[in-house]
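Chemist:
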Amino acid sequence: MFNINHIVLSRYLGACVSMLAIIVIYGWFSRTPLLVQIHHSFVAMQFNTALCFLLCGIGVFAHSLQQKKLSTSYASLVVLISTTTFIEYIAQVDLYIDQLFIEHYITTNTTHPGRMAISTALCFMLTGTTIIAHNIHPRLHIHKIIGPAVSGMGAVAFIGYIFSIETAYGLGNLSAMAVHTAIGFIVIGIALTLMSTLSSDSSVLFGQYWKESTLTVALIVFTFALSQAVESWQHQQLQEKLNAHTKNVTQALKALIDTRVDALNRLAHRWYVYDSLTKKQWENDSLHYVNDFPDIKAIEWVNSNMLVKWVVPIAGNEKAINFDLSSESKRHTTLLRSQKMMRASISPSINLVQGPPGFLITVPLKNEQAKNGYFVAVITYDELLEVLANNFHLNNFTLSIAENNQKIAQYHQEKESDKQYTSTQALSFYGINWQVTLNFSENYAISLRSRLPNVILISGMLAIFISLLFMKLWRDAALHSQKLLHEITQHENTKALLSYEENRLRTTLQSMVDSVVLADHQGRILSINQATTALFGYNEDEIIGKNIRLLMPEPEHSQHDDYIANNLRGTTPKIIGVGREVIAKKKNQESFPIHLSIAHMTIDDEQFFSAIIRDISQQKATELALAKYTKELERSNKELSEFAYIASHDLKAPLRGIMQLSNWIDEELHENKNSQITEYLRLMQSRTSRLEKLLDDLLSYATLTEKVEKLTTINVDLLIVDTFQLLNPPASIHLEINSDIVSFNTIAVPLEQVLRNLINNAIRHHDKETGHITVSIKLIEQGYQFSVCDDGPGIEPQYHQQIFGIFKTLKPRDELEGSGMGLAIVKKILDTYDCNITIDSNGDAGTCFVFTWPDEATLKRLIDD
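Oh and the sequence shown: position 334 is 333 in numbering that gives the first Met the number 0, straight run, nothing missing.
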């Protein structure tokens with residue numbers, strides 16, 4: 000019933016929002032400002048705002064009736080309208096939706112006619128998205144976060160109207176939220192929060208604590224939003240105060256300059272009336288002005304050639320006499336401008352000849368005697384600002400003057416200014432452009448700031464804490480009995496689970512292949528499994544309660560009790576937790592090897608030992624046989640190596656004799672032999688050489704099983720080039736090397752043997768007038784990959800594996816000399832170092848042998864193994 004009331008209340012609230020929207024829409028079409036604006040000074044609820052409220056209300060109403068598709072459709076329209084409006088603000092574009100349905104005639108506090116406030120658009124985006132999300136995934140219950148947040152933002156805007164805090168319902172100069180819009184969001188936020196189903200207490204996000212979470216979110220949003228609104232309002236008030244003060248200071252500064260210009264103009268007028276003055280008269284008049292205006296450093300008469308001739312006072316201005324003002328561009332330009340316009344002109348900021356930075360006020364002179372020139376007042380910024388500060392209260396401010404955005408003067412520069420508040424006024428007069436900037440001093444800004452935002456924030460957090468505390472106490476009391484019932488049920492379930500686990504453990508121990516024995520601290524056997532009876536030949540009643548030494552042969556049988564006592568005292572080598580091999584004794588007194596693992600346990604201050612026993616009789620027999628076979632294999636390999644060496648050595652002697660005899664016969668028959676005898680002798684010598692090479696290759700093949708252990712650093716390119724040149728290739732065979740690897744550590748001899756045999760094959764089997772051999776090397780995981788490619792005749796795929804056998808050749812030996820051992824040697828070397836070799840050839844043209852070679856770390860591991 001509690002959940003159904005939520006749904007009904009949500010439905011009624013949705014209907015109320017829809018009614019509010021209908022009233023405002025009617026007000027727009029009937030031109031009734033009271034319905035649209037409430038008060039002539041308030042912001043109007045825009046037509047699109049009322050339309051979105053209508054769609055939201057219908058969406059909530061439809062959701063309460065389980066019409067999810069209809070609810071989602073209306074919510075999607077809300078998201079579309081609000082998102083489009085939000086984009087208009089962010090991108091500063093007009094997408095022509097603000098006055099799509101009606102032309103707006105009320106624009107109070109509205110920057111764009113018909114456009115809802117950006118905060119209103121944000122609330123509608125959240126509302127529409129929440130309705131859609133709840134229709135798609137009702138158990139997510141995200142509405143319990145967004146609903147309170149929307150209500151909180153509406154409440155802040157409403158309070159802003161009550162206390163005239165514009166920043167609570169408006170954002171800067173943008174359109175503001177209407178008062179009945181704020182009320183609408185309070186209501187629709189509550190409706191979103193109450194949207195629920197019968198499974199509300201099983202929320203994915205909050206579970207049974209959704210009420211606390213909802214209240215917390217609402218209070219947090221309200222507190223922070225209100226605090227920020229008050230702080231923004233306070234900032235706005237202080238900024239307006241600073242702007243007004245800056246305007247007054249700028250006007251006062253202009254008035255000061257105007258008085259100096261007027262004084263200079265009066266002096267020029269006397270010059271004109273009296274057709275020039277004597278120097279004494281001019282000095283007396285000028286001195287009065289210098290004394291009256293402390294910021295005037297000097298008054299000068301400059302002749303028509305722009306030379307300073309008269310200066311008052313002389314003291315401190317000696318460098319100015321006869322100074323040529325045309326020698327500096329800013330002074331020259333100012334004089335020309337005043338002469339051209341025949342009125343006063345002010346120079347840009349300059350470094351005065353008197354020292355400090357300042358500026359000049361120039362007034363052109365002209366009389367009938369043509370004693371022309373200029374009157375120039377020299378003014379320093381520091382003294383001018385000091386006069387300004389004396390006439391205008393600036394103790395709590397920092398003042399700076401910039402000219403064309405370049406700072407030229409500053410007052411109270413020793414004070415820290417508050418950069419948060421800055422106001423700048425432009426001042427353009429007498430040919431210059433100044434920017435007057437005023438800042439609060441940091442201490443003054445702190446004193447002006449109200450603590451109200453912090454009070455609101457702290458009060459809100461305190462309210463949240465108190466509310467949550469009361470709700471927790473209420474819920475704890477309600478759940479106390481449920482918790483007791485749950486604990487009782489959990490205890491019963493745990494008891495049943497322990498019984499189940501005990502039975503399962505007992506079954507597991509009984510079904511284990513290894514023997515398991517549990518004994519106490521005196522060595523008495525407490526329990527065994529079935530494997531123990533099968534292994535030792537005892538029945539369970541024959542062994543339970545007996546000392547575990549029953550299972551041990553002498554001398555362990557007699558020493559075991561002392562051994563346990565010593566082990567508990569820690570006076571014997573530690574064997575607990577460490578497996579070891581020992582001898583055990585069966586019931587029939589037969590001894591056999593076992594692997595024994597012992598664990599020590601303490602339960603309720605009682606000590607126990609558990610032993611896992613595995614029969615390793617078969618393993619030991621296998622190890623003995625393996626050792627025997629290994630020894631026999633080592634002996635066989637040694638005899639094979641000795642035989643290969645002896646056979647090679649003994650067979651080479653008669654072969655050399657045959658070769659020598661053939662040479663003698665060739666010499667004896669040098670003049671009488673015919674072509675057939677010559678061919679026979681050539682064949683005899685060729686086959687004798689072949690047989691001798693075959694013996695060398697056999698010896699090399701037989702000794703390849705021994706790994707070379709010495710690692711050296713090789714230059715890859717140099718190794719390949721040397722190998723190629725040692726094979727004495729024809730000039731028509733060209734070598735190309737593709738490698739980014741300069742050098743690496745490896746065993747050079749086996750690698751050189753592999754490369755020599757592969758390159759030699761590529762040279763000897765080449766069938767064209769010219770040839771190209773390419774050797775490539777690249778890095779791979781745990782080593783290198785070599786490729787030896789040629790453009791020779793190729794190898795048919797069916798021969799790719801056969802060619803690695805000993806004595807295997809693809810051409811008759813009389814046609815192509817060779818022992819057939821080269822690739823067999825390559826394969827055996829690569830197998831010795833766990834390398835692979837593959838062939839890439841289709842048999843038509845070209846062959847690529849690709850093999851791997853281990854890196855330094857892999858080689859060291861292979862050598863150690």
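All residues carry an ideal CB built from backbone N, CA and C; glycine is no exception.
Source: prediction; values computed, not measured.
1) Quick check on this structure: which residue in A408, A747, Q419, M18 has the alpha carbon closest to the alpha carbon of K709?
2) Put A598 into one of helix, strand or coil per three-state DSSP.
3) Under 8 Å, do V16 and G151 count as touching if we go by C-beta distance?
4) Going along the chain, which residues of its own chain have a beta-carbon closer than 7 Å to the beta-carbon of G372, five neighbours each way excluded?
5) On the CB-based measure, 16 or more other CB atoms within 10 Å of its CB, does T745 come out buried or exposed?
6) For D200, which of helix, strand or coil comes out of DSSP?
7) Excluding the five sequence neighbours on either side, which residues of its own chain have a C-beta within less than 7 Å of the C-beta of A267, listed in chain order?
8) Label Y273 either buried or exposed according to how many other C-beta atoms from any shown protein chain fall within 10 Å of its C-beta, with 16 as the threshold for buried.
9) Does DSSP put D284 in a helix, a strand or coil?
10) Might you give, ordered along the chain, the residues of its own chain that have their beta carbon closer than 6 Å to the beta carbon of D843, omitting 5 neighbours on each side?
11) For the beta strand (DSSP E) containing H733, name the first residue and the last one.
12) Within 10 Å of its beta-carbon, does S840 have 16 or more other beta-carbons around it, so buried, or fewer, so exposed?
13) Kindly indicate which three-state DSSP category L12 falls into: helix, strand or coil?
14) Helix, strand or coil: how does DSSP classify I295 here?
15) I need the DSSP call for S70, collapsed to helix, strand or coil.
16) Looking at the structure shown, is P728 part of a helix, part of a strand, or coil, going by DSSP?
17) With a threshold of 16 other CB atoms inside 10 Å of the CB of R755, please say whether the residue is buried or exposed.
18) In the DSSP assignment, what are the bridge partners of C847?
19) Which residue marks the beginning of the beta strand (DSSP E) containing L517, and which one marks its end?
20) Counting beta carbon pairs with one atom in the region 288-296 and one in the region 377-389, are three or more of them shorter than 8 Å?
21) Have a look at the DSSP bridge pairing and note the partners of E605.
22) Given a cut-off of 8 Å on the beta-carbon distance, is the pair A583 and M551 in contact?
23) When we look at the beta-carbon of D323 and count the other beta-carbons within 10 Å, is it buried (16 or more) or exposed?
24) Could you spell out where the alpha helix (DSSP H) holding A190 opens and where it closes?
25) Cα separation between I349 and Q45?
26) Only counting the same chain, and skipping five residues up and downstream in sequence, which positions put a Cβ closer than 8 Å to that of I615?
27) Under a three-way DSSP split, which group does F873 fall into?
28) In this structure, how does DSSP classify Q353 when only helix, strand and coil are distinguished?
29) Are A401 and Y420 touching if we call contact CB-CB under 8 Å?
30) Quick one: residues in its chain with C-beta nearer than 7 Å to the C-beta of N242, no 5 flanking neighbours on either side, listed in chain order?
31) Could you tell me whether the region 508-518 touches the region 528-544, using the rule of 3 or more Cβ pairs below 8 Å?
32) Is the CB-CB distance between Y429 and S328 below 8 Å?
33) Nearest to H733 by alpha carbon, out of I758, S458, I407?
34) How far does the alpha helix (DSSP H) with R336 in it extend, from its first residue to its last?
35) Locate the alpha helix (DSSP H) running through F60, then write down its first and last residues.
36) Can you tell me whether G127 is helix, strand or coil according to DSSP?
Modeler: Let me lay it out:
1) As a working note, residue 709 is residue 710 in the sequence shown. It is A747 whose Cα lies nearest to the Cα of K709.
2) Taking the sequence shown and counting its residues from 1, the one referred to as residue 598 is at position 599. DSSP places A598 within a strand segment (E or B) once states are collapsed to three.
3) The sequence position of residue 16 within the sequence shown is 17, counting from 1. The sequence position of residue 151 within the sequence shown is 152, counting from 1. Against a cut-off of 8 Å, the Cβ pair of G151 and V16 comes out as no contact.
4) Counted from its first residue, the sequence shown places residue 372 at position 373. Excluding its 5 nearest sequence neighbours in each direction, G372 has C-beta neighbours in its own chain below 7 Å: W300, V301, N302, S303, L364, listed in chain order.
5) Start at 1 with the first residue of the sequence shown, and residue 745 comes out as number 746. Under this definition T745 is a buried residue.
6) Numbered from its first residue, the sequence shown carries residue 200 at position 201. Model confidence at D200 stands at a pLDDT of 44, short of 50, so the residue's coordinates are unreliable; what they give is reported in the following sentence. In this structure, D200 counts as helix in the three-state DSSP scheme.
7) To locate residue 267, count along the sequence shown from 1; it is residue 268. Contacts found: V362, L364, F374.
8) Walking along the sequence shown from the start, residue 273 turns up at place 274. The Cβ neighbour count for Y273, taken over all protein chains shown within 10 Å, is under 16; the residue is labelled exposed.
9) The residue labelled residue 284 in the question sits at position 285 within the sequence shown. Three-state DSSP puts D284 in a helix.
10) Locating residue 843 in the sequence shown gives position 844, where the first residue counts as 1. When the five nearest sequence neighbours on each side are left out, the beta carbons in the same chain lying within less than 6 Å of the beta carbon of D843 are those of G793, in order along the chain.
11) As a working mapping, residue 733 is identified with position 734 in the sequence shown. 732-738 is the extent of the beta strand (DSSP E) around H733.
12) Your numbering for residue 840 matches position 841 in the sequence shown. By the neighbour-count rule (16 or more Cβ atoms within 10 Å), S840 is buried.
13) By one-based count along the sequence shown, residue 12 stands at place 13. Here L12 sits in helix by DSSP.
14) One-based indexing of the sequence shown puts residue 295 at position 296. DSSP places I295 in the strand class (E or B) of the three-state scheme.
15) Position 71 of the sequence shown, counting from 1, holds the residue named residue 70. Residue state, collapsed to three classes: helix.
16) If you number the sequence shown from 1, residue 728 lands on position 729. In the structure shown, P728 falls within a coil segment according to DSSP collapsed to helix, strand and coil.
17) Here residue 755 refers to the residue found at position 756 when the sequence shown is read from its first residue. Around the beta carbon of R755, 16 or more other beta carbons lie within 10 angstroms, which makes this residue buried.
18) For the purposes of this step, residue 847 is taken as the residue at position 848 of the sequence shown. C788, D839, per the DSSP bridge assignment.
19) Locating residue 517 in the sequence shown gives position 518, where the first residue counts as 1. Unbroken beta strand (DSSP E) run through L517: 514-519.
20) Output reads yes: the region 288-296 touches the region 377-389.
21) Against the sequence shown, residue 605 aligns to sequence position 606. By DSSP's assignment, E605 forms a beta bridge with I602.
22) Walking along the sequence shown from the start, residue 583 turns up at place 584. Walking along the sequence shown from the start, residue 551 turns up at place 552. Yes; because the gap between Cβ atoms is below 8 Å, this pair is in contact.
23) Taking the sequence shown and counting its residues from 1, the one referred to as residue 323 is at position 324. If you draw a 10 Å sphere on the C-beta of D323, you find fewer than 16 other C-beta atoms in it, and that means exposed.
24) Within the sequence shown, the letter at position 191 stands for residue 190. Taken as a continuous stretch (DSSP letters only), the alpha helix (DSSP H) holding A190 covers 178-193.
25) Residue numbering aside, residue 349 sits at position 350 when the sequence shown is read from its first letter. Residue numbering aside, residue 45 sits at position 46 when the sequence shown is read from its first letter. Between the alpha carbons of I349 and Q45 lies a distance of about 57 Å.
26) To locate residue 615, count along the sequence shown from 1; it is residue 616. Listed in chain order, the non-local C-beta contacts of I615 below 8 Å within the same chain comprise E580, P592, I593, H594, local neighbours out to five positions each way being set aside.
27) Within the shown structure, residues of the chain are numbered from 0 to 864, placing residue 873 beyond reach of any answer.
28) As a working mapping, residue 353 is identified with position 354 in the sequence shown. Q353 sits in coil when the DSSP states are folded into three classes, being neither helix nor strand.
29) The residue you call residue 401 lines up with position 402 of the sequence shown. The residue you call residue 420 lines up with position 421 of the sequence shown. By the CB criterion at 8 Å, A401 and Y420 fall outside the cutoff.
30) Taking the first residue of the sequence shown as 1, we reach residue 242 at position 243. Excluding sequence neighbours, N242 sits near S422.
31) Verdict: yes, contact present.
32) Counting from one through the sequence shown, the residue named residue 429 turns up at place 430. Counting from one through the sequence shown, the residue named residue 328 turns up at place 329. Not closer than 8 Å, so no.
33) Position 734 of the sequence shown, counted from the first residue, corresponds to residue 733. Comparing alpha carbon positions, the residue from I758, S458, I407 closest to H733 is I758.
34) Here residue 336 refers to the residue found at position 337 of the sequence shown. That run of the alpha helix (DSSP H) goes 328-340.
35) Taking the first residue of the sequence shown as 1, we reach residue 60 at position 61. First-last of the alpha helix (DSSP H) with F60: 46-63.
36) In the sequence shown, counting from the first residue as 1, residue 127 sits at position 128. Reduced to three states, the DSSP call for G127 is helix.
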